[in-house]
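Student:
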Amino acid sequence: MIQIAIFNNKGGVGKTTYLFHIANLLADAGICTLMVDCDSQCNLTAYALDDSEIKKSWSERGNSIYKVIQPVSEGLGDIRMRQAHCLREKLYLVPGDIDLNIYEDRLGETWASASVQPASIRVQIAIYRYIKFAAQKCNAQVVLIDLGPNLGALNRTVLGGCDYFITPLSPDLFSIKGTQNLGNKFVVWHDEWKNNLYKWKKPNSGISIDELPHGAPKFLGYVTQQHNIRDSKSGMTIGWSIFGNQVDEAVRRNIVKQLEPLEQNDSKQNYLLGKIPNLHSLVPYSLNAHKPVYKCSSSDGLKGSHISKARNSKELYQDIINEIQRLL
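The working numbering applies: residue -1 is where the sequence shown begins, and numbers increase by one.
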């Protein structure tokens, strides 16, 4: 089983839509996939579930990401062993929860003492332990984790348990600047995780080695999204190409080069995992139907050329599907 986070500290780059589509494509290919919504905005959950199902996951006996780790967050017990929501064959979801912000506060409070106090390290590893449990219960081969657009304590903790992370980018100035923040922060997090885990990896520390994350996710690559397409060398309009042509250099300089000394790169020549153009009005139809764009049809309100455009959109994700199958 591999865990992959979809992560960028800049919002509005289509992380959730990207994750939802590759999860569905993996399930279509017979690869059991677990989606985990670790963004308190809950966009992935809203994409996959209707309101009644979301309310149920937030109930006292619910299986949202906060409900399952709530006893640890509040210092009242251990994680709740509740199974993920089955969306269809080979596709599961751990729903998000707005109350996850409460847990993030606890993560910030206990980070400094996590290297010496058992209660503090257990707060830090609660989500990692639950995701492993949920994946084992549904026999997931791939876990895809949606994260919010920030560099806070929650993302630090979740990424520490991931094997890889993928960064969706828009071809704009802000995304290029954001790669610098990402690279620098991962270097800091690597050192902090190493320090916090050192004691607990020793024999007789009181915590099983299987419960501990490694704290060193590898950069699998990036995907550019939401540009307008043209029949040109770059595949983008002239305006989008201004920054689109700078993205790869920025990624290599600010992320790949920074993580190489830490061995947190998936070594390869090409880190571009695909180009997803702006699908415009197809996405709202997809959201309303709670299914990926490529499965939307006339029954979901599509008309004319939109039907074939939606059906053909699955080809846009083939590079990342091939990459994940390679890892498996």
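We put the beta carbon where it would ideally sit given N, CA and C, even for glycine.
Nothing here was measured: the structure is a model prediction, and the numbers come from that model.
1. Determine the burial state of L42: buried for a count of at least 16 other Cβ atoms within 10 Å of its Cβ, exposed for fewer.
2. Just to confirm before moving on: does the CB-CB distance between P93 and I63 stay below 9 angstroms?
3. Within the same chain, show all residues whose beta-carbon is closer than 7 angstroms to that of Y283, passing over the 5 residues directly before and after it, in chain order.
4. Where N193 and Q323 are concerned, what is the direct C-alpha to C-alpha distance, given to the nearest angstrom?
5. Would you report the Cα separation of R228 and Q1, rounded to the nearest angstrom?
6. According to the neighbour-count rule (16 or more other Cβ atoms, all chains shown, within 10 Å of its Cβ), is G237 buried or exposed?
7. What are the boundary residues of the alpha helix (DSSP H) that includes A25?
8. Are the CB atoms of K197 and S113 nearer to each other than 9 angstroms?
9. If you compare alpha carbons, which of R120, G272, N148 and I319 is closest to G10?
10. Determine the DSSP secondary structure at N263, reduced to helix, strand or coil.
11. Judging by CA-CA distance, which residue of L280, V140, E107 and Q256 is the nearest neighbour of S303?
12. Going along the chain, which unbroken runs of the alpha helix (DSSP H) with 4 or more residues stay wholly within the stretch 128 to 205?
13. Once the 5 residues before and after A133 are set aside, which same chain residues still bring their CB inside 7 angstroms of it?
14. Which of helix, strand or coil does DSSP assign to D76?
15. Taking the beta carbon of P215 as the centre, do at least 16 other beta carbons fall within 10 Å, making it buried, or is it exposed?
16. Let me check understanding here. Comparing Cα to Cα, which of S50, G60 and R120 lies closest to G204?
17. If you run the structure through DSSP and keep just helix, strand and coil, what is G106?
18. Look up D298 in the DSSP assignment and say whether it is helix, strand or coil.
19. Should S71 go down as buried or exposed, given a rule of 16 or more other Cβ atoms within 10 Å for buried?
20. Report, in whole angstroms, the separation of the C-beta atoms of N252 and L180, which I expect to be a contact under 8 angstroms.
21. In this structure, does DSSP put Q115 in helix, strand or coil?
22. Starting from the Cα of L195, find the closest Cα among K135, R78 and G159 and give me that residue.
23. Which residues bound the alpha helix (DSSP H) around H304?
Tutor: Taking the definition as stated:
1. Residue mapping note: residue 42 aligns to position 44 of the sequence shown, counting from 1. By the 10 Å Cβ count, L42 comes out buried.
2. Along the sequence shown, one-based indexing puts residue 93 at 95. Along the sequence shown, one-based indexing puts residue 63 at 65. Closer than 9 angstroms, so yes.
3. Taking the first residue of the sequence shown as 1, we reach residue 283 at position 285. The answer, listed in chain order, is C294, D298, G299 and L300.
4. Indexing the sequence shown from 1 puts residue 193 at position 195. Indexing the sequence shown from 1 puts residue 323 at position 325. Looking at the two C-alpha atoms, the distance is approximately 33 angstroms.
5. As a working note, residue 228 is residue 230 in the sequence shown. As a working note, residue 1 is residue 3 in the sequence shown. At R228, the pLDDT of 40 sits below 50, so the modelled position is not reliable and the matter cannot be decided from this model.
6. To locate residue 237, count along the sequence shown from 1; it is residue 239. Bear in mind that a pLDDT of 45 at G237, under 50, signals an unreliable position, so the number given afterwards is only what the model happens to contain. Counting Cβ neighbours within 10 Å, G237 comes out exposed, since fewer than 16 surround it.
7. As a working note, residue 25 is residue 27 in the sequence shown. Counting along the chain, the alpha helix (DSSP H) containing A25 begins and ends at K13 to D26.
8. Residue 197 sits at position 199 when you count from the first residue of the sequence shown. Residue 113 sits at position 115 when you count from the first residue of the sequence shown. Closer than 9 angstroms, so yes.
9. To locate residue 10, count along the sequence shown from 1; it is residue 12. Of the candidates R120, G272, N148 and I319, the one whose C-alpha sits nearest the C-alpha of G10 is N148.
10. Position 265 of the sequence shown holds residue 263. Note: N263 maps to strand in three-state DSSP.
11. Taking the sequence shown and counting its residues from 1, one reaches residue 303 at position 305. For S303, the nearest C-alpha among the options comes from L280.
12. 151 to 158 and 171 to 196
13. As a working note, residue 133 is residue 135 in the sequence shown. Excluding sequence neighbours, A133 sits near M(-1), L32 and V141.
14. Position 78 of the sequence shown, counting from 1, holds the residue named residue 76. Coil at D76, not helix or strand.
15. Residue mapping note: residue 215 aligns to position 217 of the sequence shown, counting from 1. Under this definition P215 is a buried residue.
16. Walking along the sequence shown from the start, residue 204 turns up at place 206. It is R120 whose Cα lies nearest to the Cα of G204.
17. Taking the sequence shown and counting its residues from 1, the one referred to as residue 106 is at position 108. G106 falls in the helix class under three-state DSSP.
18. For the purposes of this step, residue 298 is taken as residue 300 along the sequence shown, with counting starting at 1. D298: helix per DSSP, three-state reduction.
19. Counting from 1 along the sequence shown, the entry for residue 71 is found at position 73. With 16 or more Cβ atoms within 10 Å of its Cβ, S71 is classed as buried.
20. To locate residue 252, count along the sequence shown from 1; it is residue 254. To locate residue 180, count along the sequence shown from 1; it is residue 182. Contact holds; Cβ gap of about 7 angstroms.
21. Within the sequence shown, residue 115 is the residue found at index 117, counting from 1. Q115: coil per DSSP, three-state reduction.
22. For the purposes of this step, residue 195 is identified with residue 197 of the sequence shown, where counting begins at 1. The option with the nearest alpha carbon to L195 is G159.
23. Within the sequence shown, the letter at position 306 stands for residue 304. Judged by DSSP secondary structure, H304 falls within the alpha helix (DSSP H) whose first and last residues are S303 to N310.
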